[in-house]
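Peer 1:
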Amino acid sequence: MSDFIPAPGLAPWQRTAAGAGLLAPDGTIAATIFAEMSALAAQTGAINLGQGFPDEDGPAEVLEAARRAIADGVNQYPPGTGMPVLREAIAAHQRRWYGIEVDAASEVLVTAGATEALAATLLAFVDAGDEVVTFEPYYDAYAAIVARAGGVHRTVPLHWSREPGSGWRPDHDELREAVTDRTRVILVNSPHNPTGAGFDVETLSLVVELAERHDALIVTDEVYEHLTFGVVHTPIAALPGARSRTISISSAGKTFSTTGWKIGWITAPAPLVTAVLAVKQYLTYVNGAPFQPAIATGLGLPDRFFADAAATLEARRDLLAAGLTAAGLAITLPDSGYFIVADASPLGYADGAALCRELPGRVGVVGVPVTAFVHPDRQGSYSSLVRFAFCKRHEVLAEAVSRIAALSAG
-14 MSDFIPAPGL APWQRTAAGA GLLAPDGTIA ATIFAEMSAL AAQTGAINLG QGFPDEDGPA
46 EVLEAARRAI ADGVNQYPPG TGMPVLREAI AAHQRRWYGI EVDAASEVLV TAGATEALAA
106 TLLAFVDAGD EVVTFEPYYD AYAAIVARAG GVHRTVPLHW SREPGSGWRP DHDELREAVT
166 DRTRVILVNS PHNPTGAGFD VETLSLVVEL AERHDALIVT DEVYEHLTFG VVHTPIAALP
226 GARSRTISIS SAGKTFSTTG WKIGWITAPA PLVTAVLAVK QYLTYVNGAP FQPAIATGLG
286 LPDRFFADAA ATLEARRDLL AAGLTAAGLA ITLPDSGYFI VADASPLGYA DGAALCRELP
346 GRVGVVGVPV TAFVHPDRQG SYSSLVRFAF CKRHEVLAEA VSRIAALSAG
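Note that the numbering used here has the sequence shown beginning at -14, numbered continuously upward.
1. Between P155 and Q61, what straight-line distance do the alpha-carbon atoms span, to the nearest angstrom?
2. Taking the beta carbon of L298 as the centre, do at least 16 other beta carbons fall within 10 Å, making it buried, or is it exposed?
3. Let's see if you can read the secondary structure: which residues bound the beta strand (DSSP E) around S146?
4. By alpha-carbon positions, which one of E101, L108, A109 and T66 ends up nearest to D88?
5. With a threshold of 16 other CB atoms inside 10 Å of the CB of Y267, please say whether the residue is buried or exposed.
6. Check this for me: beta carbons of G283 and A222, under 8 Å apart or not?
7. Given a cut-off of 8 Å, decide if R53 and V414 are closer than it, judged by their beta-carbon atoms.
8. DSSP puts D328 in a beta bridge; with which residues?
9. Pop quiz: P183 and S175 are said to be a contact at Cβ under 8 Å. What is the actual Cβ separation, rounded to whole angstroms?
10. Can you name, in chain order, every residue of its own chain whose Cβ lies under 6 Å from the Cβ of A31, other than the five neighbours on each side?
11. Measuring CA to CA, which of G322, V381, T252 and A391 is closest to A397?
12. Would you mind stating whether A76 and V93 have Cβ atoms separated by less than 8 Å?
13. DSSP beta-bridge partners for R154?
14. Is it buried or exposed, S369, if we count other Cβ atoms within 10 angstroms and call 16 or more buried?
15. In its own chain, which residues sit with a C-beta less than 7 Å from the C-beta of A9, not counting the 5 before and 5 after it?
16. Taking E187 as part of the alpha helix (DSSP H), name the residues at either end of that continuous run.
17. Using the three-state DSSP reduction, which class does T297 fall into: helix, strand or coil?
18. Taking only three categories from DSSP, how would you classify T216?
19. In its own chain, which residues sit with a C-beta less than 7 Å from the C-beta of A391, not counting the 5 before and 5 after it?
20. According to DSSP, is T231 helix, strand or coil?
21. May I have the straight-line CA-CA distance separating H78 from D57, to the nearest angstrom?
22. Using 8 Å as the Cβ pair cut-off and three pairs as the minimum, do the segment 95 to 106 and the segment 233 to 248 touch?
23. Check this for me: beta carbons of W18 and V359, under 8 Å apart or not?
24. For Y367, which residues in the same chain have their Cβ closer than 7 Å to its Cβ, ignoring the five residues on either side in sequence?
25. Looking at A315: is its Cβ nearer than 8 Å to the Cβ of A327?
26. Exposed or buried, V217, counting other C-beta atoms within 10 Å across all chains shown (16 or more means buried)?
27. How many angstroms separate the CA atom of D11 from the CA atom of L48?
28. Apply the 10 Å Cβ neighbour rule to H138 and answer buried if 16 or more other Cβ atoms are within range, or exposed otherwise.
29. Which parts of the segment 94 to 141 are runs of the alpha helix (DSSP H), unbroken and 4 residues or longer, counting only runs that do not cross its ends?
30. Look at P(-7) and G4 and say whether their C-beta atoms are less than 8 Å apart.
31. If I follow the unbroken beta strand (DSSP E) through W(-2), where does it start and stop?
32. Quick check: the Cα distance between E162 and L195, rounded to an integer number of angstroms?
33. Output yes or no for whether 8 Å exceeds the beta carbon distance between A109 and V208.
34. With burial defined as no fewer than 16 other Cβ atoms inside 10 Å of the residue's Cβ, what is the status of H144: buried or exposed?
35. Suppose contacts are defined by Cβ-Cβ distances below 8 Å. Is P220 in contact with V59 by that definition?
36. Which of the three DSSP states, helix, strand or coil, is assigned to T259?
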């Protein structure tokens, strides 16, 4: 277990940067690892497998729906909670896939992507000294937002095994130890970034049990919910006893390859939605008017679209996984998402961050170190690990694999 509490006396913006690990001792702010690696990719012409964005457009029906909305004049402020057509589509989506009944009028809130949903939710409920429990590694925005809210970020490590089928798993006793009466929020990212793990029902049920015992809220980040490989996504809100205290967050960007549209949402009981809206309306206010009916179209696509999207991504995962393995890196095959985590220690690299800074010039490929997703006191356990994105076209991944093969040559 690891806790992060920003040093006293920091300005709010410094506290935010410190939470994300970007505040230097002299008070300067470092660039995020994603900005640094993307700049290296641009300078060297390397293939950028660092950031999780696709390099091709989403389904034609969704793109055409956005064009049609623009042409039809859907270009002004939408309603503060989101356009009814999208809120109704989100409610129908929850019913269709998970059997969760959601009232579109009072239990759905459209946001500027999942990151705004997370920010508005944590800022709405986390006060100074409140503890927020997440698994670690974690999506880097969690730490920044918790720190900005004045909270304590408490993490539970995911343990990695090279044994086939083991993947990344939390120790349940460590999870029990982390959640206390000081816990305000248990934030669960499943399917998980950066590891690609999908947590089993036993783990998710334990989260519900602990939240009930300690009267904590459950916040979920489910943006990869449709991009799973051979496993079925289980939303916590569908588990017994969870619905009344769970705020579920998802978005359209990953499922429909529209990450630049920034259309996300929360579903939760009406009082929780009202509390989040009280904050969200003073962040972006509203966003993406013509994209909202387009995403409603996407959510209504037939099952075959969702199955094909996952199958296409799985084939790309397997291509990159085979290339990384052939180059001598150790991997765990992810259950979901956009990313593979590779261990460079078999090739003699103990420092994944140093390797990432070397890779663009050496082999023409960019990754990001997993240490960017952990607290400073925990980095040693993850020091040799690198995350690579496989949400790219087949020919791009094939070229990346060809370049990565040079690593095995020493």
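No residue lacks a Cβ here, since even glycine has one placed at the ideal position from N, Cα and C. Since this is a predicted model, take the numbers as computed values, not measurements.
Peer 2: Reading it off the structure:
1. Residue mapping note: residue 155 aligns to position 170 of the sequence shown, counting from 1. Residue mapping note: residue 61 aligns to position 76 of the sequence shown, counting from 1. Distance between the alpha carbons of P155 and Q61: 46 Å.
2. Counting from one through the sequence shown, the residue named residue 298 turns up at place 313. Result: buried.
3. One-based indexing of the sequence shown puts residue 146 at position 161. Residues V137 to S146.
4. The residue given as residue 88 occupies position 103 in the sequence shown. It is T66.
5. Stepping through the sequence shown from its first residue, residue 267 is reached at position 282. When all chains shown are included, Y267 counts as exposed.
6. By one-based count along the sequence shown, residue 283 stands at place 298. By one-based count along the sequence shown, residue 222 stands at place 237. Taking 8 Å as the Cβ cut-off, G283 and A222 do not qualify as a contacting pair.
7. The displayed coordinates of the chain run from -14 to 395. Any statement about residue 414 would go beyond what the structure contains.
8. To locate residue 328, count along the sequence shown from 1; it is residue 343. Beta-bridge pairing links D328 to A315 and L370.
9. Position 198 of the sequence shown, counting from 1, holds the residue named residue 183. Position 190 of the sequence shown, counting from 1, holds the residue named residue 175. Reading the sequence as shown, one finds Gly at residue 183 and not Pro. Rounded, the Cβ-Cβ distance is 6 Å, consistent with contact.
10. As a working mapping, residue 31 is identified with position 46 in the sequence shown. Once the five neighbours on either side are set aside, the close Cβ partners of A31 are P345, G349, V350 and V351.
11. Examination of residue 397 is not possible in this model, given that the chain is present from -14 through 395 alone.
12. What you label residue 76 is simply residue 91 of the sequence shown in a count that begins at 1. What you label residue 93 is simply residue 108 of the sequence shown in a count that begins at 1. Yes; because the gap between Cβ atoms is below 8 Å, this pair is in contact.
13. What you label residue 154 is simply residue 169 of the sequence shown in a count that begins at 1. Note: R154 sits in a beta bridge opposite H144.
14. Position 384 of the sequence shown, counted from the first residue, corresponds to residue 369. By the neighbour-count rule (16 or more Cβ atoms within 10 Å), S369 is buried.
15. Within the sequence shown, the letter at position 24 stands for residue 9. These residues qualify, in order along the chain: A15.
16. The residue you call residue 187 lines up with position 202 of the sequence shown. Here the alpha helix (DSSP H) through E187 covers V186 to H199.
17. In the sequence shown, residue 297 corresponds to position 312, counting from 1. Three-state DSSP puts T297 in a helix.
18. One-based indexing of the sequence shown puts residue 216 at position 231. With the sequence shown as reference, residue 216 is identified as Val, and Thr is not the correct amino acid for it. Correct three-state label for V216: coil.
19. The residue you call residue 391 lines up with position 406 of the sequence shown. Result list for A391: V348, in chain order.
20. Within the sequence shown, the letter at position 246 stands for residue 231. In the structure shown, T231 sits in a strand (DSSP, three-state: E or B).
21. Position 93 of the sequence shown, counted from the start, is the residue given in the question as residue 78. Position 72 of the sequence shown, counted from the start, is the residue given in the question as residue 57. Looking at the two C-alpha atoms, the distance is approximately 25 Å.
22. yes
23. Taking the first residue of the sequence shown as 1, we reach residue 18 at position 33. Taking the first residue of the sequence shown as 1, we reach residue 359 at position 374. Residue identity differs from the one stated: residue 18 is Ile in this sequence, not Trp. Against a cut-off of 8 Å, the Cβ pair of V359 and I18 comes out as no contact.
24. By one-based count along the sequence shown, residue 367 stands at place 382. Answer for Y367: P122, V355, T356 and V359, listed in chain order.
25. Stepping through the sequence shown from its first residue, residue 315 is reached at position 330. Stepping through the sequence shown from its first residue, residue 327 is reached at position 342. Yes, they are a contact pair.
26. Within the sequence shown, residue 217 is the residue found at index 232, counting from 1. Exposed is the call here.
27. Position 26 of the sequence shown holds residue 11. Position 63 of the sequence shown holds residue 48. Going by the C-alpha atoms only, they are around 47 Å apart.
28. Start at 1 with the first residue of the sequence shown, and residue 138 comes out as number 153. Buried, by the Cβ-count rule.
29. 98 to 110 and 125 to 134
30. Taking the first residue of the sequence shown as position 1, residue -7 is located at position 8. Taking the first residue of the sequence shown as position 1, residue 4 is located at position 19. No, Cβ-Cβ distance for P(-7) and G4 is not below 8 Å.
31. Taking the first residue of the sequence shown as position 1, residue -2 is located at position 13. Per DSSP, W(-2) belongs to no beta strand (DSSP E); it is in the alpha helix (DSSP H), P(-3) to G4.
32. Translated into positions along the sequence shown, residue 162 becomes position 177. Translated into positions along the sequence shown, residue 195 becomes position 210. Rounded to whole angstroms, E162 to L195 spans 10 Å at the Cα level.
33. Along the sequence shown, one-based indexing puts residue 109 at 124. Along the sequence shown, one-based indexing puts residue 208 at 223. Not a contact, by the Cβ cut-off of 8 Å.
34. Along the sequence shown, read from residue 1 onward, the residue named residue 144 stands at position 159. Looking at its Cβ environment, which holds fewer than 16 other Cβ atoms inside 10 Å, H144 is exposed.
35. Taking the first residue of the sequence shown as 1, we reach residue 220 at position 235. Taking the first residue of the sequence shown as 1, we reach residue 59 at position 74. No.
36. Reading the sequence shown from its first residue, position 274 is the one you call residue 259. In the structure shown, T259 sits in a helix (DSSP, three-state: H, G or I).
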